[in-house]
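In my numbering, each number is its position in the sequence shown, counted from 1, plus 118. Here's the structure we're looking at; comments come further down.
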Amino acid sequence: MKGLLAGSCLSAIGLTLTLGLAPLNAAHAAQSTMPAVDNTVSPCQDFFLHACGPWIKANPLPAERSIYGTFHELAQRNQNTLHDILEKAAKGTEPGTAKIGAFYAACMDETAVDKAGIAPLKPVLSQIDALKDKKQLAALVASLHQSGIDVLFGFGPQQSFAKAEDTIAAFDQGGLGLPDRDYYLNDDERSATLRGAYEKHVTAMFTLAGDKPEAAAKKAAAVMAFETRLARVTMSKQDRRDTQKLNNPTSFKAFTASAPAIDFTTYVRDVKAPVFADMNVNDPAFFKGLDQAIGETDLGDLKTYFQWHALRAAAPWLAKPFVDENFAFYGKTLSGAQELRPRWKRCTDAADNALGEDLGKHFVETAFGPEHKKRMLVMLDDLRAAYAADIKELDWMGPETKTRALEKLATMEQKIGYPEKWRDYTALAVKKDDLLGNQFRSAGFENAYHLSKIGKKVDKNEWFMTPPTVNAYYDPSQNNINFPAGILQPPFFDFQADDGLNYGAIGAVIGHEMTHGFDDEGRGFDAKGNLKDWWTADDAKKFEAKAQCLVDQYGSYQVAGDTNQNGKLTLGENTADNGGLRLALMALKQRVGGEKALTTKGADGYTPEQKLFYGWASVWCSSARPEAERLRAKTDPHSAPRHRVNGTVSNMAEFAQAFNCKPTDPMVRGDKACKVW
Ligand SMILES: [Zn+2]
Numbered sequence: 119m120k121g122l123l124a125g126s127c128l129s130a131i132g133l134t135l136t137l138g139l140a141p142l143n144a145a146h147a148a149q150s151t152m153p154a155v156d157n158t159v160s161p162c163q164d165f166f167l168h169a170c171g172p173w174i175k176a177n178p179l180p181a182e183r184s185i186y187g188t189f190h191e192l193a194q195r196n197q198n199t200l201h202d203i204l205e206k207a208a209k210g211t212e213p214g215t216a217k218i219g220a221f222y223a224a225c226m227d228e229t230a231v232d233k234a235g236i237a238p239l240k241p242v243l244s245q246i247d248a249l250k251d252k253k254q255l256a257a258l259v260a261s262l263h264q265s266g267i268d269v270l271f272g273f274g275p276q277q278s279f280a281k282a283e284d285t286i287a288a289f290d291q292g293g294l295g296l297p298d299r300d301y302y303l304n305d306d307e308r309s310a311t312l313r314g315a316y317e318k319h320v321t322a323m324f325t326l327a328g329d330k331p332e333a334a335a336k337k338a339a340a341v342m343a344f345e346t347r348l349a350r351v352t353m354s355k356q357d358r359r360d361t362q363k364l365n366n367p368t369s370f371k372a373f374t375a376s377a378p379a380i381d382f383t384t385y386v387r388d389v390k391a392p393v394f395a396d397m398n399v400n401d402p403a404f405f406k407g408l409d410q411a412i413g414e415t416d417l418g419d420l421k422t423y424f425q426w427h428a429l430r431a432a433a434p435w436l437a438k439p440f441v442d443e444n445f446a447f448y449g450k451t452l453s454g455a456q457e458l459r460p461r462w463k464r465c466t467d468a469a470d471n472a473l474g475e476d477l478g479k480h481f482v483e484t485a486f487g488p489e490h491k492k493r494m495l496v497m498l499d500d501l502r503a504a505y506a507a508d509i510k511e512l513d514w515m516g517p518e519t520k521t522r523a524l525e526k527l528a529t530m531e532q533k534i535g536y537p538e539k540w541r542d543y544t545a546l547a548v549k550k551d552d553l554l555g556n557q558f559r560s561a562g563f564e565n566a567y568h569l570s571k572i573g574k575k576v577d578k579n580e581w582f583m584t585p586p587t588v589n590a591y592y593d594p595s596q597n598n599i600n601f602p603a604g605i606l607q608p609p610f611f612d613f614q615a616d617d618g619l620n621y622g623a624i625g626a627v628i629g630h631e632m633t634h635g636f637d638d639e640g641r642g643f644d645a646k647g648n649l650k651d652w653w654t655a656d657d658a659k660k661f662e663a664k665a666q667c668l669v670d671q672y673g674s675y676q677v678a679g680d681t682n683q684n685g686k687l688t689l690g691e692n693t694a695d696n697g698g699l700r701l702a703l704m705a706l707k708q709r710v711g712g713e714k715a716l717t718t719k720g721a722d723g724y725t726p727e728q729k730l731f732y733g734w735a736s737v738w739c740s741s742a743r744p745e746a747e748r749l750r751a752k753t754d755p756h757s758a759p760r761h762r763v764n765g766t767v768s769n770m771a772e773f774a775q776a777f778n779c780k781p782t783d784p785m786v787r788g789d790k791a792c793k794v795w
């Protein structure tokens, strides 16, 4: 599945909405008017700066952030709402909030956590220490995975590529401490420096855990050596966009025989997975390499690797020295954040992660009403109609593919706000005085929940984002689009604002998600969600030629003054942004009653068409630290916000017209404009 911004699926940006926002009807008046713009910068020169300059000036990057934009501003409002709910819950007086209250209270009790030092992690470290033989690996890995300690590989349910209604078991690559394999393999100076910093960080963590500095440094070198071996056999992010490469159905029997160094039979039994015979392995080459790496690595070094990952997973929830060291590397060095976020924010996020739907139902009561839903349904219908009209008119798509595309569009389902049925957390034990234990048990509870799906029919009502999440996604295996309540708030969506701004913001997001069903990844899945290419070869070729234009366009953009965007990695998202905004404009034109109304100035001096472009820019206003921009350029399938705005509008002749731009202006690509949808 694909989200609207970094950190797809479950981890998203994990934030959340407000007490101030609580009275739904009152707070939006200010948001309904046009945002301030910078008239010293021409919209035709740099639309992002023109539209976002005032916001950026008024919102300097907070020290605790590596990136901050209107997206995050909204997430912060959502988080304030959650905070309010959790503070009340922790007092233990609000009915129906005992569990979220206890979880939050344990997390906020910094004094007790600091006093305990490393003690809460000791049982896990001793368990790793007790490993006597590589034959016992499987049981240990199973136990670590049950606590959310991600070592060696991943295992879980996967919707079958061949039969979309079935859930099967799947194994996947994993086990790295740095965010991507490229960090281990790239030769450039910056990557080498980061590797040095990572090794120092691992050393520091072992030292905090009680090792002498020299012994700790040796351990860090062993971790680096082993992870580098794994990185070498890890499939690149770019390759993973090609779903066919991930589609390797096999039997469990054949899989276990292919990688005998780990006793996978013991592993699946110990994680309590349902018995299964058929499965998928996302990356067979990884497991071959993993098998070899385990065979050729010292038992002692393997134990060191496990210990490092136990420390890494636990660090944010241990005493202050661990929290600080973890932040110094992952927050500061890797992402450029200057300051650790306040504890209440980290604990609110943790509660959203661990008890998302339990907390989410209280959020929805505060922040999402039937009037939101009603207006969203109108926009969804408008966007769907616009896309159908667009497909019918495409000059590069043949009639056969068009028929199937229209069928896929018509059967695409939509979910708005929150689940119809909330998850039951009864089986999760939460203790008021055991933060790390709560985290470990929550990971185990999640694991059990997900593994129980193996062998069952897919539940299409399930959500992969919690209600307060500021994000949205298209799920190709289910052919549905999903909009959590968290994003259905200003500036994305103001149910009282006029259409121009709304269609440019959430309207374009709706269009963005819809087109994912038809882009380079989505078109590999049919209307039911089966991995089946339904395009004629000729149309596929034409699509790719159209898409190449976007690969080249965005590949020429830079971030941090020295790093190019990866045009291929970001292709799907760029196609969706361009298609989304274009469809939103078509939908708006219909909604306001045609071209004339679209281009006629309102009382505030702006045309609905201009407002659409401002609405689009308004959701991406942001600034970022160079470290974060470089990190994202490597790992994020979305382009940097500035390019999401300027790259998209410069491809649209309607934009040039709306702002009277000259053909030579930077925001006018003219003949070079890329257009897929
Ligand atoms: Zn997307």
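Each residue gets a CB set at the ideal place from its N, CA and C atoms; glycine is no exception. Remember, it's a predicted structure, so these values are computed and weren't measured experimentally.
- Taking the Cβ atoms as the reference, Asp-551 lies roughly 16 Å from Ile-218, outside the contact range of under 8 Å.
- Shortest gap from the CB of Glu-457 to any heavy atom of ligand 1: 8 Å or more.
- 9 Å or more divides the Cβ of Ala-176 from the Cβ of Asp-156.
- No heavy atom of ligand 1 is found nearer than 8 Å to the CB of Tyr-672.
- Assigned with DSSP and collapsed to three states, Pro-275 falls in strand.
- For the options His-190, Ser-244, Met-515, the alpha carbon positioned closest to that of Asp-656 is the one of Met-515.
- For Gly-625, there is no enclosing alpha helix (DSSP H), as DSSP marks it with neither H nor E.
- In the displayed model, Val-399 falls within a strand according to three-state DSSP.
- Runs of beta strand (DSSP E) with 3 or more residues, each lying fully within the stretch 313-400, are found at 367-369, 396-399, listed in chain order.
- The beta carbon of Leu-501 is closer than 8 Å to those of Gly-625, Ile-628, Gly-629, Met-632, Leu-701, Ala-702, Ala-705 in its chain, skipping five residues each way along the sequence.
- The beta carbon of Thr-384 is closer than 8 Å to those of Ala-256, Ala-257, Ala-260 in its chain, skipping five residues each way along the sequence.
- Proximity of the stretch 462-479 to the stretch 683-702 falls short of the contact definition, fewer than three beta-carbon pairs being nearer than 8 Å.
- For Ala-248, the three-state secondary structure derived from DSSP is coil.
- Sorting Phe-486, Phe-636, Phe-661 by C-alpha distance to the C-alpha of Lys-650 places Phe-636 at the top.
- In the structure shown, Lys-575 adopts extended strand secondary structure according to DSSP, grouped into three states.
- Taken in chain order, the unbroken stretches of alpha helix (DSSP H) that lie wholly in the stretch 724-777 and span 4 residues or more are 726-736, 744-753, 759-767, 771-776.
- Taking 9 Å as the cut-off, the Cβ atoms of Tyr-732 and Gly-622 count as close.
- Scanning Gln-671, Ala-776, Glu-713 for the CA closest to the CA of Asp-789 turns up Gln-671.
- Distance from the CA of Pro-744 to the CA of Val-737, rounded to the nearest whole angstrom, comes to 21 Å.
- Residue environment: Pro-517 is assigned as exposed (fewer than 16 neighbouring CB atoms within 10 Å of its CB, all protein chains considered).
- In terms of Cβ geometry, Ala-333 and Val-320 do not form a close pair [threshold 9 Å].
- A residue is called buried once 16 or more other Cβ atoms fall within 10 Å of its Cβ, and Asp-416, having fewer, is exposed.
- Of the residues assessed, Ala-208 falls on the buried side of the cut-off, its CB having 16 or more other CB atoms within 10 angstroms.
- Counting along the chain, Lys-539 sits inside no alpha helix (DSSP H), nor does DSSP assign it H or E at all.
- The straight-line gap separating the alpha-carbon atoms of Asp-419 and Leu-167 is approximately 51 Å.
- Residue pairing by DSSP puts Tyr-186 in a beta bridge opposite Ser-741.
- A straight-line Cα-Cα distance of about 19 Å links Arg-347 and Phe-289.
- Restricted to the stretch 644-722, the alpha helix (DSSP H) segments that are unbroken, complete and at least 4 residues in length are 655-673, 689-710, 713-716, listed in chain order.
- In the DSSP assignment, Asn-565 falls within the alpha helix (DSSP H) that extends over 553-569.
- The three-state secondary structure of Thr-519, taken from DSSP, is helix.
- Closer than 8 Å to some heavy atom of ligand 1: that describes the Cβ of His-756.
- Beta-bridge partners of Gln-614 (DSSP): none assigned.
- Linking Gly-235 to Asp-268 through their CA atoms gives a straight-line distance of about 22 Å.
- Going by C-alpha positions, Lys-646 is about 12 Å away from Trp-652.
- Taken in chain order, the unbroken stretches of alpha helix (DSSP H) that lie wholly in the stretch 208-274 and span 4 residues or more are 216-226, 228-234, 240-247, 255-264.
- Contact check between the stretch 298-311 and the stretch 276-285: fewer than three CB pairs, one atom from each, fall below 8 Å, which does not count as touching.
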